[in-house]
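Trainee:
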Amino acid sequence: MTVCDVDEVEVWECSVGTGWNPRDRDLNRLEPSASSPGSSSSAFQVSSKHDGHPWYSWGTLDIMLLLLATNMKKASVGANQLPPGPPGWPVFGNIFDLGAMPHISLSSLSKKYGPVVWLRLGTVNTMLLSSAEAATEMFKNHDLTFSGRNISEAMRACSYNQGSMALGQHGPYWRMLRRICTTELFTNNRINETEQLRTKCIDNMLRWMWDESKKTGSIELAWFVSLMSFNVVGNVMLSEDLVDPQSKEGDEFFKSISRTIEWGGKPNVADFFPFLQWLDPQRIKKNMTRDMGHSLDFASRFVKQRILDRQSKKNSTKVDFLDVMLDFQGNQKDGEPADISEKNINIMILELFTASTDTTTSTIEWAMTELLRNPGVMKKVQEELHQVVGQNKCIEESKIGDLHYLQAILKETLRLHPPVPLLVPHRAMEDTKFMSYSIPKDTQILVNVWAIGRDPVSWDDPLSFKPERFFRSNTDYKGHHFQFIPFGAGRRMCVGLPLAHRMLHLALGSLIHSFEWALEDGITPEMMDMRERLGITLRKADPLKVVLKLRLVQENHDTVN
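Residue numbers 6 to 566, in our numbering, belong to the letters of the sequence shown in order.
1) Check residue 556 in the structure and name its three-state DSSP category.
2) Would you mind reading off the limits of the alpha helix (DSSP H) that contains residue 371?
3) Which residue comes first and which comes last in the beta strand (DSSP E) that contains residue 442?
4) On a CA-only basis, which of 370, 312, 383, 104 is nearest residue 350? Give me that one, please.
5) Thinking C-beta only, is residue 500 closer than 8 Å to residue 523?
6) Does DSSP classify residue 57 as helix, strand or coil?
7) With H, G and I counted as helix, E and B as strand and the rest as coil, what does DSSP make of residue 431?
8) Can you look up residue 271 in the DSSP assignment and give me helix, strand or coil?
9) Taking buried to mean at least 16 other C-beta atoms within 10 Å of its own C-beta, is residue 339 buried or exposed?
10) Cα-Cα, which of 200, 249, 124, 479 is closest to residue 210?
11) Between which residues of its own chain and residue 515 is the CB-CB distance below 6 Å, once the five residues before and five after are set aside?
12) May I have the straight-line CA-CA distance separating residue 497 from residue 219, to the nearest angstrom?
13) Of all the alpha helix (DSSP H) runs that stay within the bounds of the stretch 128-209, which reach a length of 4 or more residues?
14) Is the CB-CB distance between residue 153 and residue 127 below 8 Å?
15) Counting only the same chain and skipping the five closest in sequence on each side, list residues whose C-beta sits under 6 Å from that of residue 56.
16) Put residue 464 into one of helix, strand or coil per three-state DSSP.
17) Touching or not, the stretch 131-147 and the stretch 266-279, by the rule of three or more beta carbon pairs under 8 Å?
18) Among 378, 238, 452, which residue has its Cα nearest to the Cα of residue 418?
19) Residue range of the alpha helix (DSSP H) that residue 312 falls in?
20) Specify the secondary structure class of residue 247 as computed by DSSP and reduced to three states.
21) Measure the alpha-carbon distance for residue 404 versus residue 241 and round it to whole angstroms.
22) Per DSSP, what kind of secondary structure is residue 343 in: helix, strand or coil?
23) How many Å lie between residue 118 and residue 451 at the Cα?
24) Decide if the stretch 476-495 is in contact with the stretch 409-423; the criterion is three or more beta carbon pairs, one per stretch, under 8 Å apart.
25) Run through the stretch 517-541 for me and flag every whole beta strand (DSSP E) of 3 or more residues, listed as ranges in chain order.
26) In whole angstroms, give me the CA-to-CA distance for residue 228 and residue 217.
27) Please identify the residue among 543, 459, 473 whose C-alpha is closest to the C-alpha of residue 135.
28) Quick check on residue 548: does DSSP put it in helix, strand or coil?
29) Could you spell out where the alpha helix (DSSP H) holding residue 412 opens and where it closes?
30) Do residue 261 and residue 544 come within 8 Å of each other at the CB atom, strictly closer than that value?
31) What is the residue span of the beta strand (DSSP E) that residue 438 lies within?
32) Label residue 171 either buried or exposed according to how many other C-beta atoms from any shown protein chain fall within 10 Å of its C-beta, with 16 as the threshold for buried.
33) Of all the options 380, 202, 443, which has the alpha carbon lying nearest to the alpha carbon of residue 402?
34) Based on DSSP bridge pairs, tell me the residues matched to residue 225.
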């Protein structure tokens, strides 16, 4: 992954952040980045040099105008019953209202127009929800109607959306996948069976961090958390560790998934103007097809090897998620298939790796960032761990229920820094009435959980990091309290939440309990960079770098010494 050249301007940001006017033709042309995706590179860049690969030109704009003038229908008679919203540009609609950080820009629009806002993003009708009241109405009374998915063009690469549970359309196949996950993979019994595997992966992470800190003085936390999370999923799904700091083959799989995640988070003009999809003007789908194809090839190797092992009776007596997928037999009723194809098993493997790794890494990094900014909170949670767990003892999952302050810290982190600030877009499957408004079929629904978590109507002093606020209520993130839904709600809620809940508490608690934490020399808590970087998940723009001092001398473990 590379970073944009210094002379390249990120148009997605500057077009809205600096008042770029689409009528200003001083910009010679726009082009896609030739580099692979990276943490600081944008999907859109400006260039005055010609390389033969423009994604945008004024000739293209003329074609767009002609096509839109020919194909767009007049507004329906119910148009005056649509929710309020900002006026849009001709052709582009409200695209330029999204800004470089859409969750922040859209939150500002909600403060002006209300909790339900109507937007036209190119040709895509969109309803934005930004309050607990609106979320309650959606998930309680319109959950089925709004359970469709609006699929980005990038996620259609390799027919990924057709085998995906997160992105698949509501129907027999989606219900089958969800049933497998809720009854086979993410049950309490299944999760309990893999507790030792999670503990092993976290112990390895602690050892790697300590070894690296002794060599370099400071470490980048997110890297080690992502390795740990990757291995936890690898053990649950495939019964093996996949990566370590020296692993080559596992590292290739890890990097290919990372590139897939980056492409999936790129803003794509073809999503706003579907008639441009065949052009793939930014080459996002082409690049996604390449990198996702590599990731699926890696997954396929595990599947094919497992099939061979099962045929030769070499596989373990333990049953993991891959075995469950291979053994599954559908009832063939109501459109349910007889089994799951090998291709779709590969897609499910990739999906669970991407969803778990990025979400866990983002949440842990933000939690440690907030703790370092708030030393008083850090001291309190260390004291709780000392009292509940013991000075030289490792945390066990059975103790999590007694670690009330640790639980509150994770809740407060997820409130302020939800991994996915805008839930995966829903789609209205039919015309409907919503809070007195007329919502047409195929409308895209965006739920801004970032804004809901910072809404002063629902939260006292919402911008401050105060874990104690959760001592005054039983509010949780399991989809029942609509002022706090970082993992969604309803039938489209994150199916992996039971595992994520265990992983997050055990990993964060182990990190806090094992080390004393400090910032690099010259950096004070007040100086910490809290800027965000948005891809598929909301990450810290400037990765957290820390200095470690050993705090826990483990009596029964040789991982940190």
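Here a beta-carbon is modelled for each residue, glycine too, at the ideal position from N, C-alpha and C.
Mentor: Taking the geometry as given:
1) In the structure shown, the three-state DSSP call for residue 556 is coil.
2) Start and end: 347-378.
3) Residue 442 -> beta strand (DSSP E) spans 442-444.
4) Among 370, 312, 383, 104, the Cα nearest to that of residue 350 is on 312.
5) The answer is no: Cβ separation not under 8 Å.
6) Residue placement at residue 57 is flagged as unreliable, the pLDDT there being 38, under the threshold of 50; the coordinate-derived value follows with that caveat. Three-state DSSP puts residue 57 in coil, outside helix and strand.
7) It is a strand residue.
8) The three-state secondary structure of residue 271, taken from DSSP, is coil.
9) Counting Cβ neighbours within 10 Å, residue 339 comes out exposed, since fewer than 16 surround it.
10) Here the closest residue by C-alpha is 249.
11) Within the same chain, residue 515 has close Cβ partners 207, 400.
12) Cα-Cα distance, rounded: 44 Å.
13) Scanning the stretch 128-209 for uninterrupted alpha helix (DSSP H) segments of 4 residues or longer gives 137-146, 165-168, 177-185, 193-198, listed from N- to C-terminal end.
14) Residue 127 is positioned such that its CB atom lies no closer than 8 Å to that of residue 153.
15) Note on residue 56: pLDDT 39, under 50, position unreliable in the model; no value is reported.
16) In this structure, DSSP gives residue 464 a state outside helix and strand, which the three-state scheme calls coil.
17) No contact exists between the stretch 131-147 and the stretch 266-279.
18) Residue 378 holds the alpha-carbon nearest to the alpha-carbon of residue 418 among 378, 238, 452.
19) Per DSSP, residue 312 belongs to the alpha helix (DSSP H) from 289-316.
20) In the three-state DSSP reduction, residue 247 falls in the coil class, being neither helix nor strand.
21) Rounded to whole angstroms, the gap between the alpha carbons of residue 404 and residue 241 is 22 Å.
22) It is coil, neither helix nor strand.
23) Their Cα atoms are separated by approximately 15 Å.
24) With the cut-off at 8 Å, the stretch 476-495 and the stretch 409-423 touch.
25) Fully enclosed beta strand (DSSP E) runs of 3 or longer: 520-524, 537-539.
26) For residue 228 and residue 217, the distance between alpha carbons rounds to 11 Å.
27) Distance check between residue 135 and each of 543, 459, 473 places 459 closest, using alpha-carbon atoms only.
28) Coil.
29) Segment 409-421, the alpha helix (DSSP H) holding residue 412.
30) Contact flag unset, no.
31) First-last of the beta strand (DSSP E) with residue 438: 437-439.
32) Its Cβ being crowded by 16 or more others within 10 Å, residue 171 is buried.
33) Of the candidates 380, 202, 443, the one whose C-alpha sits nearest the C-alpha of residue 402 is 202.
34) 550, per the DSSP bridge assignment.
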